[in-house]
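Colleague: To start, I am sharing the structure in question, which I have written as structure tokens.
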Amino acid sequence: MDIFEQKAVLSTFQILVDNREQRTERAKRRYQSFGAPWARATLNYGDYTYNATLPNGEKIQDISSTLFPTCVVERKQNLDELAQCFTRGRDRFKREFERAVKHGCRIYLLCENSTWENLLNGAYRSQLHPNAFKASVIAWTIRYNANLIFCKEETSGQIIREILYRDLKERLERGEYG
């Protein structure tokens with residue numbers, strides 16, 4: 014695919030939001046800050062992925078069925094929600110990441126309203142000890158080749174868009190689509 018075809022595909026970029034994402038005012042603000050069109054779809058793992066139209070007119074992903082994306086953003090609203098994923102929800106969280114890895118998916122774990130300093134200093138409500146929390150987070154990033162990103166709530170939509178757009182662009186340049 015030449016550079017002009019790549020640009021044409023990128024112009025059709027669309028963010029797909031998992032159907033299980035809650036429909037809140039906060040979510041609406043996030044979607045508005047994407048700066049890109051978005052639609053709902055059923056993702057087998059992750060909260061956000063992308064779609065685009067290839068030069069032959071086909072979509073990268075058929076949103077009429079459950080998707081097994083090659084890149085996802087898994088968003089957590091804060092360290093408290095992330096801590097739940099390593100305690101009460103650990104088995105479910107593990108299965109989700111294992112499904113993603115099985116399908117060769119690149120995972121970005123986006124945690125809003127948090128920093129490494131908050132995690133290391135126990136600045137969250139969970140009873141999970143900071144050392145155990147740190148060990149779980151780092152083990153997860155290594156085990157599942159996940160990328161952990163901390164951000165503010167108001168910038169998460171822009172970061173989600175940028176991650177997904179850049180992943181598509183890189184894959185197009187490497188010839189993985191089309």
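Residues 14 to 191 in the numbering used here are what the sequence shown spells out, letter by letter.
Backbone N, C-alpha and C define an ideal beta-carbon position, used for all residues, glycine too.
Using a Cβ-Cβ cutoff of less than 8 angstroms, which residues in the same chain neighbour ASP93 once the five nearest sequence positions on both sides are dropped?
Modeller: Counting only Cβ-Cβ distances below 8 angstroms, and skipping sequence neighbours, we find TYR137, ARG138 and SER139.
Colleague: Cα-Cα, which of PHE110, TYR178, ARG36 and LEU95 is closest to SER127?
Modeller: Of the candidates PHE110, TYR178, ARG36 and LEU95, the one whose C-alpha sits nearest the C-alpha of SER127 is LEU95.
Colleague: Under the rule that 16 or more other beta-carbon atoms within 10 Å means buried, what is LYS169, buried or exposed?
Modeller: The residue you asked about is not Lys; residue 169 is Ser in the sequence shown. The residue is buried, with at least 16 neighbouring Cβ atoms inside 10 Å.
Colleague: Taking the alpha carbon of LYS165 as the reference point, which residue from ALA65, CYS124, SER78 and ASP15 has its own alpha carbon closest?
Modeller: When each option's Cα is compared against that of LYS165, the closest is CYS124.
Colleague: Does the beta-carbon distance from ILE173 to VAL86 come in below 8 angstroms?
Modeller: In this structure, VAL86 lies closer than 8 angstroms to ILE173 by Cβ.
Colleague: My output table needs one value for GLN171: the three-state DSSP class, helix, strand or coil.
Modeller: DSSP places GLN171 in helix when its eight states are reduced to three.
Colleague: Helix, strand or coil: how does DSSP classify GLU38 here?
Modeller: Looking at GLU38 - three-state DSSP - the assignment turns out to be helix.
Colleague: Which residues share a DSSP beta bridge with ASP31?
Modeller: According to DSSP, ASP31 bridges with ALA54.
Colleague: Buried or exposed for GLN27, please, with buried defined as at least 16 other CB atoms from any protein chain shown within 10 angstroms of its CB.
Modeller: It is buried - the Cβ of GLN27 has at least 16 other Cβ atoms within 10 Å.
Colleague: Assign CYS98 to one of three DSSP states: helix, strand, or coil.
Modeller: In the structure shown, CYS98 sits in a helix (DSSP, three-state: H, G or I).
Colleague: State the DSSP-derived secondary structure class of LEU177, mapped to helix, strand or coil.
Modeller: Correct three-state label for LEU177: helix.
Colleague: Look at the alpha carbon of GLY59 and the alpha carbon of GLU167, and state the distance between them as a whole number of angstroms.
Modeller: The alpha-carbon atoms of GLY59 and GLU167 are separated by roughly 20 angstroms.
Colleague: Under a Cβ-count criterion, where at least 16 other Cβ atoms within 10 Å of its own Cβ denotes burial, should ARG33 be classed as buried or exposed?
Modeller: Under this definition ARG33 is an exposed residue.
Colleague: May I ask you to report which of helix, strand or coil DSSP gives PHE163?
Modeller: Correct three-state label for PHE163: strand.
Colleague: Expressed to the nearest angstrom, what Euclidean distance is found between the alpha-carbon atoms of GLU71 and TRP51?
Modeller: Taking the straight line from one Cα to the other gives about 18 angstroms.
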